[in-house]
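Take a look at the structure below.
In my numbering, the protein residues as written are 3 to 306.
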């Protein structure tokens, strides 16, 4: 039975990681060991579970069905074993979070630094993903999203600054050459560096002042999908390619240094900060319970 459980865990690790090498790095088991375990499981079940190519690994229909049934079972087994954490002086284990790129860049760094100092025996595994995902099916304990992207039937608590802003900026040299906008619609005459949703849809740029909301769809020489590509937008602006409109927290160092000049600051739109969300089950994994309690205490102290 122990061997069967290990083979099931190996299959799930490979399916989640999308490959044997990435699964090996995440699990600490060699890629060859995982491959042997998956082949043994497929032989025992008499069905192929993974389609393998030289570039990727993806579950077959049978494999996907097994993942759907296996994930909650293994989660419950992990939760049962996690009860033993109550008998330790310090919580241990792995906390798996699924967060968007903006949160990973702006919100999490200070929070995780303090949390890991308080709980040095907990490993935090962060998956950065901007698309809407089922955190449990993705193998995560909790997610962080903004209110319009929260999953249903989940507990949600505020995390990080409660008010954030979108900021608009360009280099002084670019503005000297092309003029400084006085109204958001002036940006339609400028080169604008735009981000896309993971789906490929282009979000509008939204501005607000004195209850007046202006939405525009500018054009420009550069557009990127989420994730680390956000840096390309910022570097493009710093290189004088045009105007960037992004989370203020990402631009703040460059605004403070003078490398970028703020544009239309009175029109910058506020939006509510993100939330940590997780299943409302009674017995949370100990690392997640420690993190939830840490965030609640941080919120109570007024420290975002």
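C-beta atoms are modelled at their ideal positions from N, C-alpha and C, and glycine is treated no differently.
Would you grab the beta carbon distance between residue i and residue j for me? Rounded to a whole angstrom, and I think it's under 8 angstroms.
i           : j           : result
residue 277 : residue 160 : 6 angstroms
residue 137 : residue 195 : 31 angstroms between Cβ atoms; not a contact.
residue 175 : residue 242 : 5 angstroms
residue 108 : residue 251 : 4 angstroms
residue 168 : residue 66  : Not a contact, Cβ separation roughly 38 angstroms.
residue 299 : residue 262 : With a Cβ gap of about 36 angstroms, residue 299 and residue 262 do not count as contacting.
residue 265 : residue 183 : 6 angstroms
residue 36  : residue 60  : Between residue 60 and residue 36 the Cβ distance is about 15 angstroms, and since that is not below 8 angstroms, they are no contact.
residue 236 : residue 253 : 7 angstroms
residue 49  : residue 64  : 5 angstroms
For residue i, which beta-bridge partners are listed by DSSP?
i           : result
residue 274 : 165
residue 144 : 99
residue 121 : Residue 121 pairs with nothing; no bridge assigned.
residue 291 : DSSP lists no partner for residue 291.
residue 131 : Paired residue(s): none; residue 131 is not in a bridge.
residue 71  : Paired residue(s): none; residue 71 is not in a bridge.
residue 36  : Partner(s): none; residue 36 has no beta bridge.
residue 159 : 278
residue 60  : 53
residue 225 : 196
residue 245 : 194
residue 170 : 247
residue 264 : 171
residue 126 : 97
I'd like to know whether the C-beta atoms of residue i and residue j end up nearer to each other than 7 angstroms.
i           : j           : result
residue 163 : residue 20  : no
residue 93  : residue 292 : yes
residue 47  : residue 13  : no
residue 273 : residue 166 : yes
residue 69  : residue 17  : yes
residue 156 : residue 249 : no
residue 296 : residue 22  : no
residue 25  : residue 32  : no
residue 1   : residue 189 : Outside the displayed range of the chain (3 to 306) lies residue 1, so it cannot be described from this structure.
residue 145 : residue 288 : no
residue 290 : residue 143 : yes
residue 132 : residue 200 : yes
residue 222 : residue 193 : yes
residue 180 : residue 207 : no
residue 268 : residue 211 : yes
Would you list, in sequence order, the uninterrupted alpha helix (DSSP H) runs of no fewer than 4 residues that lie entirely inside the region 173-223? 174-180
Specify whether the region 36-53 and the region 3-18 touch according to this definition: at least 3 beta carbon pairs, one from each stretch, less than 8 angstroms apart. yes
Taking one C-beta from the region 212-223 and one from the region 140-150 each time, how about it: are there three or more such pairs within less than 8 angstroms? no
For the region 125-134 against the region 94-101, are there 3 or more C-beta pairs whose distance is under 8 angstroms? yes
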